[in-house]
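First comes the structure, then the notes that go with it.
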Amino acid sequence: MTIDVKANPAVASSPAPRRMSKNVRFIGGHLGTLSAQISVGIVALLLWELAAHYKLIDTFFVGRPSAMLLAFAGHMTDSVFWGHAVSTLVATFWGFAIGSTTGTLAGLVLARSKWLATLSMPYITMLNTMPRVALAPLFILWFGVGMNSKIAAAVSLVFFIALINAMAGSRQLDRDLDDLARFLRCSEFTRFVHFVFPVAVPSIFAGLRLGVIYSLLGVVVAEMIAAQTGLGLLITSYTNQFAVSELFSVLLFLMLVSTLLNTSMEKLEKRLLRWQGRE
Amino acid sequence: MREQAARAVEMSAARGAAGEAASLDIDVVDIDHYFRSQSDRPVHAVDDVSLQIPQGQFVALVGPSGCGKTTLLNMIAGLVEPSSGRIMVGGTPIKGSRPEFGYVFARDTLLPWRTVRQNVEFVLAMSGVDRRERAGIANDWLKRVGLQDFGDAYRYQLSQGMRQRVAIARTLATRPRLILMDEPFAALDAQTRLILQNEFIRLWEETGATVVFVTHDLTEAILMSDRVVLMTRRPGRIKIDKLIDLPRPRNLEADRFTPEFRLSYDQLSDALREELDRL
Ligand SMILES: Nc1ncnc2c1ncn2[C@@H]1O[C@H](COP(=O)(O)OP(=O)(O)OP(=O)(O)O)[C@@H](O)[C@H]1O
Ligand SMILES: [Mg+2]
């Protein structure tokens, strides 16, 4: 275990030892919590396994952890499974990249133009409140079975999340900073780059973090409806075969992937938003 | 970059062709100001104020809370347009702020996503200071306000007093010829306030800039300024306009025991109490 004493080079002259001991305590507490959390999971799995062992539950419908982990291990060495996984992840990446970029840009533009916002807001609200996964079959109709329809389903989810967050964020410049920008006679461009955008970044990031998860959701749903490859397809085919433990193994993989994506976004956010001083 | 070149031209034009500074006499003529409010009738903030401030004078503006001091300052800064009346600077009507103005806002208005040094440099850049000179000037001013070790700190890592010192350093670093200050020392403890008052007075005596200084502290007003303008309760009118006859350079510790200070203080505090008692 390493302790990041250099976490805050800026405060070199503030009492370093106190800071460090606080960090040590923090990490210690964190480890304590983490092991407690893991224990809860293990106990739950054990109970599930015992219940299956003593035939208290019907493994035909609910599977059993040992079988799930065995299936998981099998999947990890199975090139067919990885083919499905890569197909899902690539679509997730593109759905997120396209949806978040266009959504954020659209949000920033709408926040700047009052009349554009007034005209489009009712429609954006309606589209946003509609359960957009219902569009997935339509995308398959439009783009055919394959990568493009999956990406379209993901984009339709991510775009609006990014748009709403970017728009809300760029309205958060407070009076005081606005006065400063005006007093310094900043051009529209400077005002945007040095005031409006930095203020919006935390909100944009909150949108991106959600966007990653929703991109995965959109892709898997599209794959469950119709696909040639992908984990969503695997899920439906295992379900149809009553292979519940294998199904759980795919869900476990998806869970691990989305947790990983979410934590990386959090890490990136923390780095970029160092100036907020949140531990 | 075009923006910056334009600023540099603006600056030298303001200084006059021969390097001779153009007059910055301030002439506030018959100013009235109403703030619109959605619910009831407009708020009458400033009532028929006229005020001539010759170049180089240090004027303190005092009065009950909400009487329109900040509003008056914002109007001189070009941030608020008076409902009626006009403000002339050096004989020309003011529209928008000017590059030779500096403003220390009531709240620190540091950009939280920039370090202390970057904050100073940003204001320098906006004032048309050449990129190569900014770092040197910023370091020099951080040293002058005792923050040389905090150049890389972010806003959240600074105390109120330190933030205010950055705001002062950032403003004075551009060598403004008119300095507007809105209760710049109000958030400080007594010791730090005395240090900064002394420091500011010395820096100001070097520059010969005009100062309009809002404060709630009558002692501070009398000890630092050439003239104290006392406003009535809202809508703010000028109740007392008094020249302070203490020799320069001032001695903030010793001057408070002079008869001139005593007399001025009694007169102003009686008038202020009268305003506070009036309902
Ligand atoms: N943006 C605004 N919109 C509406 N009313 C305002 C606005 N700014 C100020 N006012 C009103 O104008 C009056 C004068 O406000 P101002 O901020 O100038 O007072 P002040 O003398 O600076 O007070 P303080 O000493 O408390 O800072 C107040 O009654 C306030 O409610
Ligand atoms: Mg005020």
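Here the protein sequences line up with chains A and B, keeping their order.
All residue numbers in the first sequence are consecutive under the numbering used here, ending with 279.
All residue numbers in the second sequence are consecutive under the numbering used here, ending with 279.
Backbone N, C-alpha and C define an ideal beta-carbon position, used for all residues, glycine too.
Every value quoted in this text rests on a predicted model; they were computed, and no experiment measured them.
Note that the C-beta distance between B:F58 and B:W204 is below 8 Å. For B:V123, the closest of B:E100, B:R144, B:V145, B:K143 by C-alpha to C-alpha distance is B:E100. In the DSSP annotation of this structure, the continuous segment of the beta strand (DSSP E) that includes B:S50 starts and ends at 43 to 53. Within chain B, the C-beta atoms nearer than 9 Å to that of A:Q276 come from P112, W113, Y154, Y156, in chain order. Ranked by Cα distance from A:D179, the first of A:G146, A:G99, A:V196 is A:V196. In the displayed model, B:F35 falls within a strand according to three-state DSSP. In this structure, A:F183 lies near B:A77, with their beta-carbon atoms less than 8 Å apart. When secondary structure is reduced to three states using DSSP, B:V104 falls in the strand class.
Assigned with DSSP and collapsed to three states, B:T232 falls in coil, not helix or strand.
Separation of B:L252 and B:A187 (C-alpha to C-alpha, rounded to the nearest whole angstrom) is 19 Å. Inter-residue distance for B:L158 and B:L142 is about 13 Å (C-alpha atoms, whole angstroms). By the Cβ test, the segment 160 to 179 of chain A is not in contact with the segment 226 to 233 of chain A, since fewer than three Cβ pairs between them sit closer than 8 Å. At least one beta carbon of chain A lies nearer than 8 Å to the beta carbon of B:F122. Comparing alpha-carbon positions, the option among B:S127, B:A135, B:R107 lying closest to B:Q118 turns out to be B:A135. With 16 or more neighbouring CB atoms inside 10 Å of its own CB, B:V116 falls in the buried class.
With the criterion set as a beta carbon lying under 7 Å from some beta carbon of chain A, the members of the segment 70 to 94 of chain B are A77, L79, in sequence order. For A:K150, the uninterrupted alpha helix (DSSP H) segment begins and ends at 147 to 169.
Below 8 Å, enough C-beta pairs join the segment 224 to 240 of chain B and the segment 42 to 56 of chain B to call them touching: three or more.
Per DSSP, the beta bridge partners of B:P93 are B:M88. Taking the CA atoms as reference points, B:R41 sits about 55 Å from A:I151. The beta carbon of A:G103 is closer than 6 Å to those of F159, A162, L163 in its chain, skipping five residues each way along the sequence. DSSP places A:L46 within a helical segment (H, G or I) once states are collapsed to three. Bridge pairing for B:V28: B:L51, B:I87 [DSSP]. Judged by DSSP in its simplified three-state form, B:T210 adopts strand.
Within a 10 Å sphere around the beta-carbon of A:H53 sit fewer than 16 other beta-carbons, which makes this residue exposed.
For A:P198, the nearest CB of chain B lies under 8 Å from its own CB, placing it at the interface with that chain. Residues of the segment 187 to 212 of chain A that bring their beta carbon within less than 9 Å of a beta carbon in chain B comprise S187, F189, T190, H194, F195, P198, V199, V201, in sequence order. The contact set of A:L177 on chain B, defined by CB atoms closer than 8 Å, consists of T109, L111 in chain order. Nearest to B:G102 by alpha-carbon distance, out of B:F200, B:R175, B:E220, B:D226, is B:R175. Ranked by Cα distance from A:V219, the options A:A85, A:S79, A:M68 are led by A:A85. The beta-bridge partner set that DSSP reports for B:M181 consists of B:V104, B:F213.
A Cβ-Cβ contact shorter than 8 Å links B:L178 with B:T210. Taken from the Cβ of B:V43, at least one heavy atom of ligand 1 lies inside 7 Å. Considering only B:D189, B:M126, B:Y156, B:P259, the residue with the shortest C-alpha distance to B:R170 is B:M126.
Any Cβ of chain A closer than 8 Å to the Cβ of B:S97 would place that residue at the interface, and such an atom is present.
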